[in-house]
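What follows is the structure, given as structure tokens:
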């Protein structure tokens with residue numbers, strides 16, 4: 112991407128973030144909204160991010176807009192998109208949990224309703240791939256919400272659409288998918304090539320073994336076949 116492309120993405124997302132908060136948290140001042148945006152921006156502009164950056168968030172919202180009418184709670188999904196990769200440390204394995212906790216803190220500071228906070232938390236936790244829509248999300252902490260493990264608030268429909276949006280990259284054309292694989296490798300430059308390939312292929316094989324990669328009708332029809340072609344090609348490389 113050119114510098115102008117990066118700038119355009121940042122400006123587009125800044126406007127989306129401001130609109131989201133202005134429409135749903137009328138008590139916030141412009142300064143508070145801007146401060147919240149700058150905190151988000153600092154995370155997604157970390158130098159070692161080559162795929163999990165603002166461009167990924169922008170792509171997620173492109174697909175979000177196309178299926179927005181299908182969500183049961185589009186606000187919860189929108190916030191989940193914003194926060195699902197907020198913490199991304201390639202040397203750790205608990206990024207999803209840390210991102211979920213970050214979302215809880217951020218949304219609580221905005222005086223969000225507890226049900227919204229809980230839904231966003233559940234959605235972010237689901238991105239521990241390979242994943243699928245579920246009625247029980249075992250990683251939920253009672254200490255955060257003071258409830259039992261089987262009280263999942265997010266609808267299966269919203270879970271499916273959210274997970275599918277995050278994985279749309281798997282079903283893009285082969286050239287775009289290759290760029291994605293290269294970007295991921297760049298994020299793990301510290302890992303020896305042989306070890307990276309071993310771990311990456313293990314994950315890709317798990318996707319292939321799933322009866323379906325995409326769980327919503329919309330994204331399954333659009334990307335399932337191409338995603339399997341892309342993954343099979345990556346496994347041969």
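Residue numbers (this note's numbering): 112 to 348. We put the beta carbon where it would ideally sit given N, CA and C, even for glycine.
Can you list, in chain order, the residues of its chain whose CB lies under 8 angstroms from that of residue i, leaving out five sequence neighbours each side?
{"i": "residue 221", "result": "132, 136, 139, 147"}
{"i": "residue 127", "result": "172"}
{"i": "residue 219", "result": "228"}
{"i": "residue 187", "result": "227, 230, 231, 234, 265, 269"}
{"i": "residue 314", "result": "240, 241"}
Tell me which same chain residues have a C-beta within less than 6 angstroms of the C-beta of residue i, skipping the five on either side of it?
{"i": "residue 295", "result": "162"}
{"i": "residue 319", "result": "342"}
{"i": "residue 211", "result": "232, 235, 236"}
{"i": "residue 190", "result": "231"}
{"i": "residue 153", "result": "none"}
Would you call the CB atoms of residue i and residue j closer than 8 angstroms?
{"i": "residue 214", "j": "residue 240", "result": "no"}
{"i": "residue 263", "j": "residue 236", "result": "no"}
{"i": "residue 175", "j": "residue 197", "result": "no"}
{"i": "residue 149", "j": "residue 121", "result": "no"}
{"i": "residue 168", "j": "residue 155", "result": "yes"}
{"i": "residue 160", "j": "residue 118", "result": "no"}
{"i": "residue 272", "j": "residue 337", "result": "no"}
{"i": "residue 195", "j": "residue 130", "result": "no"}
What does a CB cutoff of less than 7 angstroms around residue i pick up in its chain, not counting 5 residues either side in sequence?
{"i": "residue 299", "result": "201, 307"}
{"i": "residue 275", "result": "325, 326, 327, 330"}
{"i": "residue 125", "result": "148"}
{"i": "residue 312", "result": "346"}
{"i": "residue 185", "result": "179"}
{"i": "residue 111", "result": "The chain is shown only over 112 to 348; residue 111 falls outside these bounds and no answer can be derived."}
Please look up how many angstroms separate the CB atoms of residue i and residue j, rounded, as I've assumed it's under 8 angstroms.
{"i": "residue 316", "j": "residue 346", "result": "7 angstroms"}
{"i": "residue 244", "j": "residue 225", "result": "Contact doesn't hold; Cβ gap of about 22 angstroms is too wide."}
{"i": "residue 285", "j": "residue 223", "result": "The pair is not a contact, with the Cβ atoms about 41 angstroms apart (cut-off 8 angstroms)."}
Kindly say whether residue i, judged by its beta-carbon, lies nearer than 8 angstroms to any beta-carbon of chain D.
{"i": "residue 145", "result": "Structure shown: chain D not included; a single protein chain is present."}
### Message
Under 8 angstroms: do the region 333-340 and the region 273-291 share three or more Cβ pairs, one atom per stretch?
### Response
yes
### Query
What are the complete alpha helix (DSSP H) segments, minimum 4 residues, inside the region 151-184?
165-178
### Task
At 4 residues or longer, and completely inside the region 185-221: list those alpha helix (DSSP H) runs for me, N to C.
185-194, 206-220
### Query
Which ranges would you report for the alpha helix (DSSP H) in the region 258-308 if only whole runs of at least 4 residues count?
267-277, 285-298
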